[in-house]
Amino acid sequence: MSSRIAVVPGSFDPPTLGHLDVIRRAASLYDQLHVLVVHNPGKEAMLPISQRQMLLEQSIAESNVEGDIVVASWSMGLLVDYATDVGAGVLVKGIRSQIDVAYETPMAIVNRHLAHVETVFLLPDPAHALVSSSLVRQVASLGGDVSPYVPPVVARFLDTGARGI
Ligand code: PNS
C-alpha cells in the first residue's frame with residue numbers, strides 16, 4: 001500500500017483528552033487518519049453516534065490537530081470493512097493498562113485474520129492514563145465537573161445538559 005492510511009476507531013462516548021492525544025499522535029504517523037465512531041453493541045450509549053461525531057469534529061478543529069483527518073461513523077458491519085473500503089491497513093488504539101491489553105488483543109487478532117488489517121497500540125501520555133469515557137459518563141451523570149478530562153467543546157456540551165436528546 002503506497003499511501004499510509006490508518007483508522008482510529010472507538011465509541012468516543014464522549015471523546016476525551018486521552019482520545020485527542022492518541023488522534024494527534026497518530027495523525028503525525030500516517031498520511032491520512034480516519035477517526036471512526038463505531039457502535040459498540042456491548043455498551044449502552046450515552047450520546048447518539050451523530051452527536052459523538054460532531055463533538056469529535058469540533059474537538060479536533062478546536063485543538064488545531066494537524067494532518068489529513070477524516071471523521072466518520074460506521075454501523076454497517078465489520079470495522080475492517082470500513083478500513084478496507086478507505087484503503088487503510090492499520091488500526092490505531094490507545095492502551096492504558098493491562099485491562100486494555102486483554103480487551104484489545106482478541107480484537108486485534110480477529111481483525112488481522114479477517115482482513116490482514118494490523119493494529120498499532122500507542123501508550124498514553126501519563127496525563128491521560130486514567131481518563132476513560134465511562135468515568136466521564138459517570139461523573140457527568142452525577143453533576144460533576146468533567147472539564148479536566150475532556151476537550152473544552154465536550155465539557156461545554158455536557159455542562160449545558162444537552163446530552164440525552
Ligand atoms: O471505544 P470502544 O468501545 O472500546 O471501541 C470498540 C470498537 C467499537 C472499536 C469495537 O467494538 C469494534 O471494532 N466494533 C466493530 C464491530 C467489529 O468489527 N467486530 C469484529 C472485530 S472486533
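Per UniProt numbering, the sequence shown starts with residue 1, numbered consecutively.
Backbone N, C-alpha and C define an ideal beta-carbon position, used for all residues, glycine too.
- Per the Cβ contact rule, the stretch 81–98 is not in contact with the stretch 45–53 (fewer than 3 Cβ pairs under 8 Å).
- Residue 64 sits exposed, since fewer than 16 C-beta atoms from the chains shown fall within 10 Å of its C-beta.
- Between residue 16 and residue 150 the beta-carbon gap is near 5 Å, inside 8 Å, which marks them as a contact.
- Pairing residue 120 with residue 111 gives a Cβ-Cβ distance that is not under 8 Å.
- Of 108, 114, 99 and 62, the smallest CA-CA separation from residue 81 is found for 114.
- With 5 Å as the limit, the residues whose C-beta approaches any heavy atom of the ligand PNS more closely are 9, 10, 11, 38, 40, 78, 79, 107 and 110, in sequence along the chain.
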